[in-house]
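The block underneath contains the structure these notes are about, expressed in structure tokens.
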Amino acid sequence: MAKQARARRTHELVLDAAAAEFLRHGYPRANLQHVADRTGLTKGALYGHFASKEQLAQALTTHLDEVVDKLVARTAAEDLPARDRLRTLSCALAERIESDVRVNAALRLVMDEIHSTPEPPKLLADLRALGERPPTAPLADLAIVILVGAYCTAPDPDRRGLAERVRDLWDAFPTDGQALSGTSR
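Once you know that position 8 of the sequence shown is 39 in the numbering used here, the rest is easy, because the numbers rise by one and skip nothing.
Printed below as a string of structure tokens:
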């Protein structure tokens with residue numbers, strides 16, 4: 032039992048080290064020797080947990096998918112207008128990006144993937160799907176632009192202040208019956 036617990040802790044340590052490496056360098060420049068060095072493992076021991084850089088990246092993006100699925104389920108269950116559901120979801124996700132290095136790194140991997148494949152990553156498809164119940168795709172696209180834009184323009188790799196930036200961006204847009212601040216009708 033102690034051996035299994037130690038193996039699980041090492042597995043988690045490897046995921047955190049890989050997340051830090053992917054976050055700092057992106058997928059193409061991530062180096063598994065750096066991951067091994069961060070964990071104190073040999074590269075061979077690292078391969079005992081993950082056979083490749085691709086498997087490490089997949090584990091992180093799977094974690095992001097699980098986080099998004101939970102947040103989408105929780106947000107979809109709320110009895111709110113679609114705009115408010117999308118705001119709630121994107122703010123909650125921004126908070127997770129700030130607090131969870133694995134989610135942050137996985138989003139970096141997803142952003143890299145956007146440029147290399149015509150198929151939208153699961154995260155973007157989930158946001159778009161939530162926005163289509165009941166409004167229109169443009170509202171879901173706005174949620175994606177706010178979250179991804181704030182992420183891409185964040186001042187440091189840790190994305191400190193991301194959740195606040197996302198909330199501020201949402202708050203800059205009027206709700207039904209409100210005008211944009213500083214404008215007249």
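Note that the Cβ used here is the ideal one computed from N, Cα and C, for glycine as well.
Residue i - DSSP class collapsed to helix/strand/coil
i    : result
T73  : coil
L140 : helix
G192 : coil
L117 : helix
P169 : helix
T92  : helix
D187 : coil
R100 : It is worth fixing the name first, because residue 100 is Asp in this sequence and not Arg. Helix, per DSSP.
L111 : coil
A82  : coil
A181 : helix
G213 : With a pLDDT of 40 at G213, under the threshold of 50, the modelled position of that residue is not reliable, and the figure given next carries that caveat. G213: coil per DSSP, three-state reduction.
A218 : Residue 218 is absent from the model: the chain starts at 32 and stops at 216.
A123 : helix
A174 : helix
Boundaries of the alpha helix (DSSP H) in which residue i is found, first to last residue
i    : result
D131 : Where D131 is concerned, there is no enclosing alpha helix (DSSP H), given that its DSSP letter is neither H nor E.
T41  : A33 to R60
Close-in-space but distant-in-sequence residues of the same chain around residue i (CB under 8 Å, 5 per side omitted)
i    : result
R196 : A125, A181 and A185
C122 : A194, V197, R198 and W201
L91  : L46, A49, A50, F53, R133, A136, A137 and L140
Own chain, CB closer than 7 Å to residue i, minus 5 neighbours either side, in chain order
i    : result
R270 : No information on residue 270 is available, as it lies outside the stretch 32 to 216 that the chain covers here.
A33  : none
L63  : K74, L77 and K84
Cβ neighbours of residue i in the same chain (closer than 6 Å, five flanking residues each side left out)
i   : result
H56 : none
H42 : H80
L54 : N135, A136, R139 and P188
M49 : Note that residue 49 is Ala in the sequence shown here, rather than Met. V66 and L87, listed in sequence order.
R69 : A48
Are there three or more Cβ pairs, one per stretch, closer than 8 Å when the region 128-143 is compared with the region 89-98?
yes
Answer yes if the region 175-183 comes into contact with the region 105-116, meaning at least three C-beta pairs across the two stretches below 8 Å, and no otherwise.
no
Tell me, please, whether the region 115-124 touches the region 79-86 by the rule of three or more beta-carbon pairs shorter than 8 Å.
Between the region 115-124 and the region 79-86 there are fewer than three C-beta pairs closer than 8 Å, too few to call the two in contact.
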